[in-house]
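Working notes, beginning with the structure itself.
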Amino acid sequence: MAREKVVLAYSGGLDTSVCITWLIEQKDLDVIAVVGDVGQKRQSLEFIQQKALDSGAIEAVVVDMVEEYAAEYLSKALAANALYENKYPLLSALSRPVIVKHLVRIAEERGAAYIAHGCTGKGNDQVRFEVGVRSLNPDILQIAPVREWDLTTRDSEIEWAEARNIPVPVSKASPYSIDDNIWGRAIECGVLEDPWTEPPSDVYELTVDPEAAPDTPTYLTLAFEAGQPVAIDGVKMSFLEILTALNKVAGANGCGRIDMVENRLVGVKSREVYECPGALTLIKAHKDLEDMVLERDVLRYKAKIEQDWAVYVYEGKWFSPLKEALDAFIATTQAVVTGEVRLKFYKGALTVAGRKSPYSLYDFELATYGEEDSFDRDSAKGFIDIYGLYLSTWARQQRKLK
Ligand code: ARG
Numbered sequence: 025m026a027r028e029k030v031v032l033a034y035s036g037g038l039d040t041s042v043c044i045t046w047l048i049e050q051k052d053l054d055v056i057a058v059v060g061d062v063g064q065k066r067q068s069l070e071f072i073q074q075k076a077l078d079s080g081a082i083e084a085v086v087v088d089m090v091e092e093y094a095a096e097y098l099s100k101a102l103a104a105n106a107l108y109e110n111k112y113p114l115l116s117a118l119s120r121p122v123i124v125k126h127l128v129r130i131a132e133e134r135g136a137a138y139i140a141h142g143c144t145g146k147g148n149d150q151v152r153f154e155v156g157v158r159s160l161n162p163d164i165l166q167i168a169p170v171r172e173w174d175l176t177t178r179d180s181e182i183e184w185a186e187a188r189n190i191p192v193p194v195s196k197a198s199p200y201s202i203d204d205n206i207w208g209r210a211i212e213c214g215v216l217e218d219p220w221t222e223p224p225s226d227v228y229e230l231t232v233d234p235e236a237a238p239d240t241p242t243y244l245t246l247a248f249e250a251g252q253p254v255a256i257d258g259v260k261m262s263f264l265e266i267l268t269a270l271n272k273v274a275g276a277n278g279c280g281r282i283d284m285v286e287n288r289l290v291g292v293k294s295r296e297v298y299e300c301p302g303a304l305t306l307i308k309a310h311k312d313l314e315d316m317v318l319e320r321d322v323l324r325y326k327a328k329i330e331q332d333w334a335v336y337v338y339e340g341k342w343f344s345p346l347k348e349a350l351d352a353f354i355a356t357t358q359a360v361v362t363g364e365v366r367l368k369f370y371k372g373a374l375t376v377a378g379r380k381s382p383y384s385l386y387d388f389e390l391a392t393y394g395e396e397d398s399f400d401r402d403s404a405k406g407f408i409d410i411y412g413l414y415l416s417t418w419a420r421q422q423r424k425l426k
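So the sequence shown is numbered by this note's numbering: it starts at 25 and just counts up by one.
Here's what the structure looks like:
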């Protein structure tokens, strides 16, 4: 009888290579390794593919997910100004669902009963993978080898791998755990586990040290149409091209670093360092334009929705009815988010230097304190009398009681 199949989310690193052999040895399964390209820094895809096969996979599939990731995931995150706990642009949380979608598709196409991932038993990503798979196909069974096995130290893992001829990287492994894609880079572990220790400069790859950044500011103008970025300095570009360009410009000016203590879904606080130059630039510019074009109540209500959106996505509920409903609400707000934002990058500081829009609700004649002022001051008195009436009533009562 043919063996059952498992589709494994494969990165090419030691952990997931060991997963392949472990799934064959311990679970007696045929392994289909799936590499999702979401724009992460990596060795050549051919190399990773070959490595999966050398580790024992019966098939190694590479899926280019970058365009889809930008169009279906990042564009929604931008519309939602998504920052978990007001700081983290969710780069790992956003990439998991697109990977999950393809794991499920491939499992269904190949008739695989199982899906497996290489996440540890302590983080958010295991939840995102497994809840994501359930939300798309609850009949697929799941295996988390790293959570199950007893290869607790890296040395025992290397020993295990060498005994089975799994290629082990020759270079000394990075002391950090890194996850990256086009939305940014997450760095954990090593000295960063002490929240008092300033991140050493070797954790950063996308951003220069602000102190070493150019002494003159860089300006650029970002154009949006219906909430999405469409051009830099008048040159039309795709979302991906804009993101790539902003990653470079902001990174070169030392902008985009985040150092935070964050609440993991599993109840643990963790110290996280991120660098998301392009993502933070896009969100900042988008939010600033919204401040000018969205009607006041919509703007305030949307801000609450954004908080919820970020929490749901962080907690692995990308494929869920509430998340879809929130997306629908957010989408209705974006039609007027068209205009231009002028950005200034300078030694780690990203500021908005100007904004304009055909949908601007900023009315100069209402706002000005100069000659052209058209605001009706006489109406202000009556407005304040009524507006503050209940507080006057309350204050009188309080004074009577004293
Ligand atoms: N704390 C972030 C999150 O949960 C980043 C996780 C990064 N993952 C990793 N394997 N280093 O979204």
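Glycine included, every Cβ here is placed at the ideal spot set by N, Cα and C.
Would you decide whether residue i is buried or exposed? Buried here means 16 or more other CB atoms lie within 10 Å of its CB.
{"i": "tryptophan 220", "result": "exposed"}
{"i": "lysine 75", "result": "buried"}
{"i": "asparagine 110", "result": "exposed"}
{"i": "threonine 176", "result": "exposed"}
{"i": "methionine 89", "result": "buried"}
{"i": "alanine 136", "result": "buried"}
What does the alpha-carbon distance come out to for the pair residue i and residue j?
{"i": "alanine 513", "j": "leucine 367", "result": "A query on residue 513 cannot be resolved here, the shown segment of the chain reaching from 25 to 426 and no further."}
{"i": "serine 99", "j": "alanine 106", "result": "10 Å"}
{"i": "isoleucine 72", "j": "valine 59", "result": "8 Å"}
{"i": "alanine 419", "j": "isoleucine 354", "result": "41 Å"}
{"i": "arginine 129", "j": "asparagine 205", "result": "21 Å"}
{"i": "serine 294", "j": "alanine 185", "result": "30 Å"}
{"i": "glycine 406", "j": "glycine 394", "result": "23 Å"}
{"i": "alanine 391", "j": "leucine 216", "result": "47 Å"}
{"i": "cysteine 300", "j": "arginine 209", "result": "6 Å"}
{"i": "leucine 323", "j": "isoleucine 266", "result": "25 Å"}
{"i": "tyrosine 336", "j": "isoleucine 123", "result": "17 Å"}
{"i": "glycine 156", "j": "arginine 120", "result": "8 Å"}
{"i": "leucine 264", "j": "glycine 275", "result": "16 Å"}
When you measure from the CB of residue i to every non-hydrogen atom of the ligand FAD, does any distance come out below 8 Å?
{"i": "leucine 114", "result": "With respect to the ligand FAD, the structure offers nothing, as its ligand set consists of the ligand ARG."}
Among the candidates the options, whose CA atom is the shortest distance from the CA of residue i?
{"i": "alanine 103", "options": "Lys341, Asp239, Lys326 and Gly258", "result": "Lys326"}
{"i": "alanine 247", "options": "Asp312, Ala185, Pro191 and Gly280", "result": "Asp312"}
{"i": "glycine 164", "options": "Arg188, Arg134, Ala377 and Gly37", "result": "One detail in the question is off: residue 164 reads as isoleucine in this sequence, not glycine. The candidate whose alpha carbon is nearest that of isoleucine 164 is Arg134."}
{"i": "proline 470", "options": "Gly372, Asp397 and Pro382", "result": "This structure leaves residue 470 out entirely; the chain is present only between 25 and 426."}
{"i": "alanine 334", "options": "Ala57, Leu114, Gly36 and Lys29", "result": "Leu114"}
{"i": "isoleucine 48", "options": "Gly37, Gly36, Gly63 and Val31", "result": "Val31"}
{"i": "aspartate 5", "options": "Glu28, Ser344 and Asp387", "result": "What the structure shows of the chain is the stretch from 25 to 426, and residue 5 is not part of that stretch, so it cannot be assessed."}
{"i": "valine 361", "options": "Gln252, Ile211 and Gly280", "result": "Gln252"}
{"i": "tryptophan 46", "options": "Arg188, Ala303 and Lys380", "result": "Arg188"}
What does residue i pair with, by DSSP beta-bridge criteria?
{"i": "tyrosine 138", "result": "Val30 and Leu165"}
{"i": "alanine 57", "result": "Leu32 and Ala84"}
{"i": "serine 294", "result": "Glu286"}
{"i": "glutamine 252", "result": "Glu249"}
{"i": "arginine 281", "result": "Glu299"}
{"i": "leucine 244", "result": "Leu367"}
{"i": "cysteine 148", "result": "Before going on, a small fix: residue 148 reads as asparagine here, not cysteine. None, per the DSSP bridge assignment."}
{"i": "isoleucine 202", "result": "Ile211"}
{"i": "valine 259", "result": "Ile256"}
Could you name each continuous beta strand (DSSP E) segment of 3 residues or more that falls completely within the stretch 349-418, going from the start of the chain to the end? At a cut-off of 3 residues, the continuous stretches assigned as beta strand (DSSP E) that sit fully inside the stretch 349-418 are 363-370 and 373-380.
Unbroken beta strand (DSSP E) runs of length 3 or more, entirely within the stretch 91-145: which are they? With a minimum length of 3 residues, the continuous beta strand (DSSP E) runs that stay inside the stretch 91-145 are 138-140.
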